[in-house]
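Chemist: Residue numbers (our numbering), protein chains in the order written: chain A, 16 to 556; chain R, 566 to 902.
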């Protein structure tokens with residue numbers, strides 16, 4: 016061989032030197048649970064549908080969303096978005112406007128007429144759902160997509176439950192609600208209105224049902240004993256909101272007092288303002304901080320001129336006036352009477368003291384246990400009677416539309432498993448992607464896009480929707496504010512920052528893999544991954 | 566910076582290596598699966614080597630800018646030693662090594678030879694560590710500058726002679742401990758008031774392009790290489806490359822340390838044309854110098870066991886240096902001179 020002077024070996028590449036043997040720790044790609052997904056009562060994969068949104072693939076995003084929640088346009092209006100409270104971006108600048116993007120997707124679906132994928136081949140099993148509220152509709156949707164035949168028996172004359180009879184139009188326009196319910200029914204769900212179930216076993220026998228999901232909600236307003244004169248006008252908040260769906264609006268008078276501190280109290284007071292009340296006063300026995308109503312409801316009510324009277328109870332209702340007693344909080348945070356009284360002019364008192372379920376349909380099933388007005392169920396939402404499941408507001412849990420939708424999904428999976436003779440398997444949860452796992456330097460600062468609100472004058476004079484939606488440009492902007500916590504979004508950082516070229520890029524959608532022949536285990540990729548999707552683990556010896 | 570990418574995507578910012586939402590030709594060179602990998606795997610640099618990273622960033626960007634018509638001349642130093650233990654090489658481009666101090670002179674010769682052959686389409690890069698640039702190679706480099714030879718000289722600055730066992734260089738910062746500036750006595754570590762500011766010295770030669778960069782801001786680094794290759798004549802690029810071994814920092818922290826060097830103001834990132842500063846990279850989130858110092862064993866004598874500042878006087882003087890850079894280069898406004 017012809018070699019230059021003093022050269023004995025051919026030039027070779029350093030690829031022959033497998034530096035991976037130096038390694039004592041190895042990086043591995045992981046998927047961690049984003050806080051938004053973790054916090055969602057409906058179990059949505061928020062990060063995943065935002066990911067599609069970022070590319071403008073709105074239909075794909077919507078399809079990902081409705082895997083868990085069939086009511087995105089409703090949810091994007093009425094959900095109190097615990098996802099945004101949990102959002103890691105809130106620690107950086109402001110939380111991603113997840114709820115606003117969800118509404119945008121829901122509205123796009125209605126506008127473009129996107130329909131659900133139909134389920135697998137019919138299973139031949141029949142499931143009865145009692146109640147066409149959010150829990151019942153969600154269960155029916157998921158059961159149908161699992162191949163079961165579903166009928167909903169609804170006692171009322173319209174479907175929607177509390178979404179229609181508890182949430183005012185200015186928060187949830189009825190055409191939106193109707194469109195999303197219609198889309199579920201189009202899947203082949205049978206809906207029977209005006210069908211009051213009083214004997215569950217008999218209804219199941221008569222209809223040939225294999226299982227039943229009870230989601231009758233909580234429509235009875237709680238009562239409080241108040242000494243009242245004969246002419247005192249006392250209304251229940253739920254009856255008021257329900258009657259708003261009728262032809263004629265009730266007359267409340269000019270001065271309206273609402274008793275209670277929950278979202279329903281706010282809705283009742285805001286409805287009163289729209290019906291022409293000049294004074295709408297919410298009386299609550301504790302303080303603002305201890306009020307169960309959600310912040311945005313309280314803020315919007317205050318904007319609309321609703322007044323709040325904290326630390327007050329009503330002790331007497333007379334003709335045109337109400338007697339209040341001032342309270343003070345004791346060391347445990349409970350309100351205690353002070354003996355100081357004041358009077359308030361009022362044409363009408365509305366009680367918003369919480370709701371109860373009408374559980375008379377359980378009369379023939381002693382195995383179904385009821386405690387403190389709530390149905391007792393196991394982790395799979397099955398009651399004490401085999402094949403009878405329950406969810407939504409009849410359970411002792413937070414009573415929101417989102418929780419009900421989540422219950423419906425969970426019940427559908429449990430019923431499906433039960434029909435197949437399996438136990439419902441708890442799904443593995445990934446490790447939470449906490450803020451400390453992120454490298455936020457890589458994210459540009461970007462303030463949140465707020466949804467516009469209807470001008471105040473029109474809010475006082477109409478039931479038009481208060482909160483407007485995002486348009487395509489700002490919805491995409493908002494989606495792109497997502498940090499993709501714990502889930503690779505293919506930013507190429509690991510591929511770029513490796514000093515040993517030991518990261519292999521697998522192409523769009525396929526992410527990356529490590530080349531352990533050369534990875535020295537320095538950990539730069541872990542430190543520089545913006546979203547915390549790489550984990551360092553000890554090398555196997 | 567006229568060539569810096571200004572596209573804003575808020576999820577990935579403009580700051581990550583790649584971005585699936587951008588067209589391929591708008592992404593960085595490093596995000597390209599078919600990048601040239603001028604410095605390939607199997608090299609013997611330490612875990613988390615900033616210099617290996619910096620060299621690949623610079624050369625891959627220059628390879629793209631010159632359509633692969635590139636020759637590199639290397640001074641002696643870590644970069645030469647860890648890439649070319651006989652008979653292996655990690656270089657995937659034409660590459661020459663001669664002596665420690667003469668990389669600039671050899672590059673001048675390569676450029677002259679190419680010109681003589683009418684091959685001025687082939688471009689020349691000379692590269693060296695801080696020792697081969699600011700100390701041993703400075704005479705040759707200054708000559709290359711004043712003759713305005715058509716060479717881009719790149720200094721990978723890790724602030725000491727790492728290959729031979731971490732001895733002080735003219736680029737070692739004050740108070741840093743090295744093998745020859747031990748952390749003893751009333752003024753531990755390297756002395757204040759010594760050393761050279763090579764980017765400023767390069768500017769003093771009036772050459773067409775001088776820039777600084779770090780391995781922490783890839784977009785900025787690549788845009789500067791691309792800009793440098795658009796000029797003919799002598800050019801100088803000074804890249805800060807943290808050294809886990811010599812700095813006593815964790816290998817995983819290499820990019821973080823480089824980022825903090827910029828975000829504190831201790832290492833000003835700017836560019837200059839014909840002797841005048843034209844642009845400086847703004848500090849996005851300003852941090853005190855102790856956040857940078859605390860990550861590095863070479864400054865460990867400034868802190869006590871719990872991580873609290875033990876020598877506020879020295880940390881204060883380093884903070885003054887950072888503040889002076891921030892004033893001089895207007896690093897908070899993000900704008901030029």
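Glycine included, each C-beta is placed from N, C-alpha and C at the ideal position.
Verify the CB distance criterion: does residue 618 of chain R have a CB-CB separation below 7 Å to chain A?
Modeler: Counted from its first residue, the second chain places residue 618 of chain R at position 53. It does; some Cβ of chain A falls within 7 Å.
Chemist: Is there a Cβ of chain R sitting closer than 7 Å to that of residue 549 of chain A, yes or no?
Modeler: In the first chain, the residue the question calls residue 549 of chain A occupies position 534. No - not a single Cβ of chain R is within 7 Å of the one on residue 549 of chain A.
Chemist: In terms of residue numbering, what span does the alpha helix (DSSP H) encompassing residue 879 of chain R cover?
Modeler: Here the question's residue 879 of chain R lines up with position 314 in the second chain. Counting along the chain, the alpha helix (DSSP H) containing residue 879 of chain R begins and ends at 877-894.
Chemist: Please list the partners that residue 655 of chain R has in chain A, where partner means a Cβ-to-Cβ separation under 7 Å.
Modeler: For the purposes of this step, residue 655 of chain R is taken as residue 90 along the second chain, with counting starting at 1. Those are 29, listed as they occur along chain A.
Chemist: Report the residue from A:351, A:39, A:147 whose alpha carbon sits nearest the alpha carbon of residue 552 of chain A.
Modeler: Walking along the first chain from the start, residue 552 of chain A turns up at place 537. Closest by alpha carbon: A:39.
Chemist: Does any residue of chain R bring its CB to less than 7 Å from the CB of residue 196 of chain A?
Modeler: For the purposes of this step, residue 196 of chain A is taken as residue 181 along the first chain, with counting starting at 1. Judged by the 7 Å Cβ criterion, residue 196 of chain A is not in contact with chain R.
Chemist: Once you ignore the five residues that flank residue 901 of chain R on each side, which residues in its own chain have a CB closer than 7 Å to its CB?
Modeler: Here residue 901 of chain R corresponds to residue number 336 of the second chain, with the count starting at 1. For residue 901 of chain R, the predicted structure reports a pLDDT of 43, less than 50, and the residue's modelled location is therefore unreliable. The matter cannot be settled from this model.
Chemist: Going by DSSP, name the residue or residues bridged to residue 718 of chain R.
Modeler: Taking the second chain and counting its residues from 1, the one referred to as residue 718 of chain R is at position 153. Note: residue 718 of chain R sits in a beta bridge opposite R:691, R:801.
Chemist: Per DSSP, residue 228 of chain A is paired with what?
Modeler: Numbered from its first residue, the first chain carries residue 228 of chain A at position 213. Paired residue(s): A:144, A:404.
Chemist: Buried or exposed: residue 697 of chain R, going by 16 or more other Cβ atoms within 10 Å of its Cβ?
Modeler: Start at 1 with the first residue of the second chain, and residue 697 of chain R comes out as number 132. With 16 or more other Cβ atoms within 10 Å, it is buried.
Chemist: List, from N- to C-terminal side, the alpha helix (DSSP H) runs of 4 residues or more that fit wholly inside the stretch 464-516 of chain A.
Modeler: 471-476, 487-495, 508-512
Chemist: Could you tell me the distance, in whole angstroms, from the CA atom of residue 271 of chain A to the CA atom of residue 231 of chain A?
Modeler: One-based indexing of the first chain puts residue 271 of chain A at position 256. One-based indexing of the first chain puts residue 231 of chain A at position 216. Distance between the alpha carbons of residue 271 of chain A and residue 231 of chain A is about 30 Å.
Chemist: In chain order, what residues of the stretch 520-532 of chain A put their CB closer than 8 Å to some CB of chain R?
Modeler: 520, 522, 523, 530, 532
Chemist: Comparing the C-beta of residue 545 of chain A with each C-beta of chain R, is any distance below 7 Å?
Modeler: Position 530 of the first chain holds residue 545 of chain A. Output row for residue 545 of chain A: interface = yes.
Chemist: For chain R, check one thing: does any of its Cβ atoms lie closer than 7 Å to the Cβ of residue 514 of chain A?
Modeler: In the first chain, counting from the first residue as 1, residue 514 of chain A sits at position 499. Output row for residue 514 of chain A: interface = yes.
Chemist: Are the C-beta atoms of residue 733 of chain R and some chain A residue less than 7 Å apart?
Modeler: In the second chain, the residue the question calls residue 733 of chain R occupies position 168. It does not: the Cβ of residue 733 of chain R has no partner Cβ on chain A nearer than 7 Å.
Chemist: Enumerated in chain order, which unbroken segments of the beta strand (DSSP E) with a length of 3 residues or greater are wholly contained in the stretch 358-446 of chain A?
Modeler: 363-366, 403-405
Chemist: Would you mind sorting residue 676 of chain R into buried or exposed? The rule is 16 or more other CB atoms within 10 Å of its CB.
Modeler: Stepping through the second chain from its first residue, residue 676 of chain R is reached at position 111. Buried.
Chemist: Taking its Cβ as the centre, do 16 or more other Cβ atoms sit within 10 Å of residue 431 of chain A, making it buried, or is it exposed?
Modeler: Indexing the first chain from 1 puts residue 431 of chain A at position 416. Its Cβ being crowded by 16 or more others within 10 Å, residue 431 of chain A is buried.
Chemist: Using CA atoms only, rank isn't needed, just tell me which of R:606, R:584, R:585, R:849 is closest to residue 518 of chain A.
Modeler: The residue labelled residue 518 of chain A in the question sits at position 503 within the first chain. With respect to the C-alpha of residue 518 of chain A, the residue from R:606, R:584, R:585, R:849 having the closest C-alpha is R:606.
Chemist: Cβ of residue 121 of chain A less than 7 Å from any chain R Cβ?
Modeler: If you number the first chain from 1, residue 121 of chain A lands on position 106. Not an interface residue.
Chemist: Hey, out of R:714, R:734, R:728, whose CA is closest to residue 688 of chain R's CA?
Modeler: In the second chain, residue 688 of chain R corresponds to position 123, counting from 1. Considering only R:714, R:734, R:728, the residue with the shortest C-alpha distance to residue 688 of chain R is R:714.
Chemist: Excluding sequence positions up to five away, which residues of its chain have a Cβ less than 6 Å from the Cβ of residue 123 of chain A?
Modeler: Against the first chain, residue 123 of chain A aligns to sequence position 108. Hits under 6 Å: 73.
Chemist: Is there a Cβ from chain A that is less than 7 Å from the Cβ of residue 897 of chain R?
Modeler: Reading the second chain from its first residue, position 332 is the one you call residue 897 of chain R. Judged by the 7 Å Cβ criterion, residue 897 of chain R is not in contact with chain A.
Chemist: Residue 409 of chain A and residue 390 of chain A - do their beta-carbons sit closer together than 7 Å?
Modeler: Working through the first chain from its first residue, we reach residue 390 of chain A at position 375. Working through the first chain from its first residue, we reach residue 409 of chain A at position 394. In contact: residue 390 of chain A and residue 409 of chain A (Cβ atoms closer than 7 Å).
Chemist: Under 7 Å between C-beta atoms, does residue 585 of chain R make it to chain A?
Modeler: The residue you call residue 585 of chain R lines up with position 20 of the second chain. So yes, residue 585 of chain R belongs to the interface.
Chemist: Nearest-angstrom Cα distance between residue 103 of chain A and residue 111 of chain A?
Modeler: The residue you call residue 103 of chain A lines up with position 88 of the first chain. The residue you call residue 111 of chain A lines up with position 96 of the first chain. Their Cα atoms are separated by approximately 9 Å.
Chemist: Could you please give me the residues that DSSP links to residue 350 of chain A through a beta bridge?
Modeler: Counting from one through the first chain, the residue named residue 350 of chain A turns up at place 335. BP columns for residue 350 of chain A point to A:344.
Chemist: From residue 175 of chain A to residue 51 of chain A, what distance separates their C-alpha atoms?
Modeler: Walking along the first chain from the start, residue 175 of chain A turns up at place 160. Walking along the first chain from the start, residue 51 of chain A turns up at place 36. Looking at the two C-alpha atoms, the distance is approximately 26 Å.
Chemist: Got a sec, what are the start and stop residues for the alpha helix (DSSP H) residue 616 of chain R sits in?
Modeler: Locating residue 616 of chain R in the second chain gives position 51, where the first residue counts as 1. Residue 616 of chain R -> alpha helix (DSSP H) spans 615-630.
Chemist: Residues bridged to residue 615 of chain A by DSSP?
Modeler: No answer is possible for residue 615 of chain A: it lies beyond the span of chain A, which begins at 16 and ends at 556.
Chemist: Taking 7 Å as the CB-CB limit, is residue 489 of chain A close to chain R?
Modeler: Translated into positions along the first chain, residue 489 of chain A becomes position 474. Not an interface residue.
Chemist: For a minimum of 4 consecutive residues, which ranges assigned as the alpha helix (DSSP H) are wholly contained in the stretch 64-95 of chain A?
Modeler: Every unbroken stretch of the alpha helix (DSSP H) spanning 4 or more residues and falling wholly within the stretch 64-95 of chain A is given here in chain order: 73-81, 87-93.
Chemist: Near residue 385 of chain A, which residues of its chain fall below 8 Å by C-beta distance, leaving aside the five closest residues on each side in sequence?
Modeler: Sequence index remark: in the first chain, residue 385 of chain A carries index 370 (1-based). Cβ within range, chain order: 374, 377, 391.
Chemist: DSSP on residue 156 of chain A, reduced to helix/strand/coil?
Modeler: Along the first chain, read from residue 1 onward, the residue named residue 156 of chain A stands at position 141. The answer is helix: DSSP assigns residue 156 of chain A an H, G or I state.
Chemist: In chain order, what are the residue ranges of uninterrupted beta strand (DSSP E) at least 3 long that sit wholly in the stretch 816-858 of chain R?
Modeler: 835-838, 841-845
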